[in-house]
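Novice:
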Amino acid sequence: MGQHRAEQHARRTPRRRILRPALATACAALAVAAVLAGAHTLTSRATADAPADSALTASADPSTALAPAAAPATSDPDPAAVQATAPAGTPSTAAAPAATPTAAVKRGSTTDAPADAESAKVGALFNGPVAAGRHFCTASVVHSPTKNLLLTAAHCLSSSGNVTFAPGYRDGTAPYGSWQVTAVHTTTGWDQHRDEDEDFAILEVAADQGRQIEDVVGAHPLGTGESFTAQVRLFGYPNAGETPLTCVNATSKEDTYQRAIDCPAYTGGTSGGPWISTATGAVIGLIGGHQEGGDTPDTSYSALFDHTITALYATAVAAAG
């Protein structure tokens, strides 16, 4: 069923929900089975193999979304305004997660995502040029002062290689263009131990004709410290489809550093899909973590967004600037 594989405690069977590209040379998706070792770490590192002439420019002010060349203009609210308590360019904070597990949640209803301002911030990752049937993971634009950062699962890729991102992708077309990934930032815990509690990565993308990606489609703020029972809108690109899926449901506590959500049909290729809080509009999780996102298509997992991803975000912003 095309499951994700997680670097998990020995008692759990790791499986994969990431779509491997058909070409033998494709190496963007990485998952190496390992026994979880070490503590939840605050340190982070980045891997980057962008050419020297692909330096990215910084910009301090968030902007509204611009319409694609072939689509009507769509107004997108200032991403920083979604969470007024957080300074621009910094992750949001909320109450500490609940200390006790919650009861099982009801399964949500999964449908095709509408082509709107919110789904435009979510896209598919490709090895090389955008083409139908070649996407292997999902990513989303996260707000930053540099306006050029994406969020996905760490198990999706280990280096930028020839990876491109197509926001709002559907049916073989990229209405907002194709954006070259130039750097991959992951934590030391993931890099050294494949720690499932740190299965997240922040990507840099190159500017396109002087525009940063956030200037074109907008971005979701990064949300941390959210309750384990938050209601979210889940996005993801299944390997067998050319349209993103969406599902709204409440999350639950899997363990100390893992969330769970029950939404059907999230098969291979949905790794890295964002969990968007319906209350704040912030991205508070992504498909990854335990079992690299889940060993069945009906239940997905996310590593908890806490101080570890906040530190990684700060590292990525500094590097991208």
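Quick note on my numbering: the sequence shown kicks off at 3 and runs consecutively.
Even glycine gets a Cβ: it sits at the ideal position worked out from N, Cα and C.
Looking only at C-alpha atoms, which of ARG261, PHE128, ILE289, ALA126 sits nearest to SER273?
Specialist: For the purposes of this step, residue 273 is identified with residue 271 of the sequence shown, where counting begins at 1. Nearest of ARG261, PHE128, ILE289, ALA126 to SER273, Cα basis: ILE289.
Novice: With 16 as the cutoff for other CB atoms within 10 Å, does GLN214 come out buried or exposed?
Specialist: Here residue 214 refers to the residue found at position 212 when the sequence shown is read from its first residue. The residue is buried, with at least 16 neighbouring Cβ atoms inside 10 Å.
Novice: With three or more beta-carbon pairs closer than 8 Å as the criterion, would you say the stretch 143 to 159 touches the stretch 187 to 207?
Specialist: yes
Novice: Return the bridge partner residues of HIS137 from the DSSP annotation.
Specialist: As a working note, residue 137 is residue 135 in the sequence shown. Partner(s): PHE128.
Novice: For the alpha helix (DSSP H) that GLY191 lies in, which residues bound it at each end?
Specialist: Along the sequence shown, one-based indexing puts residue 191 at 189. Looking at the DSSP string, the run of the alpha helix (DSSP H) that includes GLY191 is 190 to 195.
Novice: With DSSP as the reference, label ILE263 as helix, strand or coil.
Specialist: Stepping through the sequence shown from its first residue, residue 263 is reached at position 261. DSSP, reduced to helix, strand and coil, places ILE263 within a strand of the structure shown.
Novice: Is VAL132 closer than 9 Å to THR175 when the C-beta atoms are compared?
Specialist: For the purposes of this step, residue 175 is identified with residue 173 of the sequence shown, where counting begins at 1. For the purposes of this step, residue 132 is identified with residue 130 of the sequence shown, where counting begins at 1. Contact flag set, yes.
Novice: What are the complete beta strand (DSSP E) segments, minimum 3 residues, inside the stretch 192 to 276?
Specialist: Taking 3 residues as the minimum length, the beta strand (DSSP E) runs contained wholly in the stretch 192 to 276 are 203 to 207, 233 to 238, 247 to 252, 254 to 257, 260 to 264, in order along the chain.
Novice: Ends of the beta strand (DSSP E) at ILE289?
Specialist: Along the sequence shown, read from residue 1 onward, the residue named residue 289 stands at position 287. It is not in any beta strand (DSSP E) - ILE289 carries neither H nor E in the DSSP assignment.
Novice: So, is THR258 buried or exposed, given that buried needs 16 or more other C-beta atoms within 10 angstroms?
Specialist: In the sequence shown, the residue the question calls residue 258 occupies position 256. Looking at its Cβ environment, which holds fewer than 16 other Cβ atoms inside 10 Å, THR258 is exposed.
Novice: Tell me the rounded alpha-carbon separation between ALA126 and PHE237.
Specialist: Sequence index remark: in the sequence shown, residue 126 carries index 124 (1-based). Sequence index remark: in the sequence shown, residue 237 carries index 235 (1-based). Rounded to whole angstroms, ALA126 to PHE237 spans 11 Å at the Cα level.
Novice: In the DSSP output, what is PRO299 paired with across the bridge?
Specialist: Within the sequence shown, numbered from 1, the residue matching residue 299 stands at position 297. PRO299 pairs with nothing; no bridge assigned.
Novice: Would GLU244 and ARG172 be called neighbours here (beta carbons separated by less than 9 Å)?
Specialist: As a first step, residue 244 is located in the sequence shown; it is residue number 242 there, counting from the start. As a first step, residue 172 is located in the sequence shown; it is residue number 170 there, counting from the start. Yes, the Cβ-Cβ distance between GLU244 and ARG172 is below 9 Å.
Novice: By DSSP, does SER121 sit in helix, in strand, or in coil?
Specialist: Counted from its first residue, the sequence shown places residue 121 at position 119. If DSSP states are grouped into helix, strand and coil, SER121 belongs with the helices.
Novice: From the DSSP output, in three-state form, read off THR280 for me.
Specialist: Within the sequence shown, the letter at position 278 stands for residue 280. Three-state result, THR280: coil.
Novice: Can you look up ILE311 in the DSSP assignment and give me helix, strand or coil?
Specialist: As a first step, residue 311 must be located in the sequence shown, where it is residue number 309. It is helical.
Novice: With distances taken from CA atoms, which of TYR268, GLY275, ASP308, PHE230 is nearest ASP297?
Specialist: The sequence position of residue 297 within the sequence shown is 295, counting from 1. Nearest C-alpha to ASP297: TYR268.
Novice: Within 8 Å, do at least three Cβ pairs link the stretch 193 to 202 to the stretch 295 to 312?
Specialist: yes
Novice: Short check: CB of ARG109 to CB of PRO266, under 9 Å?
Specialist: Residue mapping note: residue 109 aligns to position 107 of the sequence shown, counting from 1. Residue mapping note: residue 266 aligns to position 264 of the sequence shown, counting from 1. Against a cut-off of 9 Å, the Cβ pair of PRO266 and ARG109 comes out as a contact.
Novice: If you draw a straight line from the alpha carbon of GLY324 to that of GLU120, how long is it in whole angstroms?
Specialist: Outside the shown range of the chain (3 to 323) lies residue 324, about which nothing can therefore be said.
Novice: Alpha carbon to alpha carbon, how far is ASN164 from THR226? Give it in angstroms, no decimals.
Specialist: Taking the first residue of the sequence shown as position 1, residue 226 is located at position 224. Taking the first residue of the sequence shown as position 1, residue 164 is located at position 162. Each residue's alpha carbon lies about 31 Å from the other.
Novice: Suppose contacts are defined by Cβ-Cβ distances below 9 Å. Is LYS123 in contact with HIS195 by that definition?
Specialist: As a position in the sequence shown, residue 123 is number 121, starting the count at 1. As a position in the sequence shown, residue 195 is number 193, starting the count at 1. Contact flag unset, no.
Novice: Using the Cα positions of ILE204 and GLY323, report the straight-line distance between them to the nearest angstrom.
Specialist: Reading the sequence shown from its first residue, position 202 is the one you call residue 204. Reading the sequence shown from its first residue, position 321 is the one you call residue 323. Using only the alpha carbons, I get a separation of about 14 Å.
Novice: DSSP three-state label for HIS1, please.
Specialist: With the chain represented from 3 up to 323, any question about residue 1 goes unanswered, as that position is not in the structure.
Novice: Do you know offhand how far GLY179's Cα is from PRO169's?
Specialist: Numbered from 1 along the sequence shown, position 177 holds the residue referred to as residue 179. Numbered from 1 along the sequence shown, position 167 holds the residue referred to as residue 169. If I take the Cα positions, the gap works out to 7 Å.
Novice: At which residues does the beta strand (DSSP E) containing THR113 begin and terminate?
Specialist: Against the sequence shown, residue 113 aligns to sequence position 111. Residues 112 to 114.
Novice: Could you compute how far the alpha carbon of ASP217 sits from the alpha carbon of LYS149?
Specialist: Counting from one through the sequence shown, the residue named residue 217 turns up at place 215. Counting from one through the sequence shown, the residue named residue 149 turns up at place 147. The straight-line gap from Cα to Cα measures roughly 7 Å.
Novice: Could you name the residues of the same chain whose beta carbon sits closer than 6 Å to that of PRO299, not counting the 5 residues immediately before and after it, in chain order?
Specialist: Counting from 1 along the sequence shown, the entry for residue 299 is found at position 297. Excluding positions up to five away in sequence, the list reads MET3, ALA267, TYR268, THR269.
Novice: Measuring straight from C-alpha to C-alpha, what distance separates THR231 and SER254?
Specialist: Translated into the one-based positions of the sequence shown, residue 231 becomes position 229. Translated into the one-based positions of the sequence shown, residue 254 becomes position 252. Going by C-alpha positions, THR231 is about 5 Å away from SER254.
Novice: From GLN293 to GLN260, what distance separates their C-alpha atoms?
Specialist: Along the sequence shown, one-based indexing puts residue 293 at 291. Along the sequence shown, one-based indexing puts residue 260 at 258. Rounded to whole angstroms, GLN293 to GLN260 spans 11 Å at the Cα level.
Novice: Give a yes or no on whether the C-beta atoms belonging to GLY287 and ALA305 are separated by under 9 Å.
Specialist: One-based indexing of the sequence shown puts residue 287 at position 285. One-based indexing of the sequence shown puts residue 305 at position 303. Yes.
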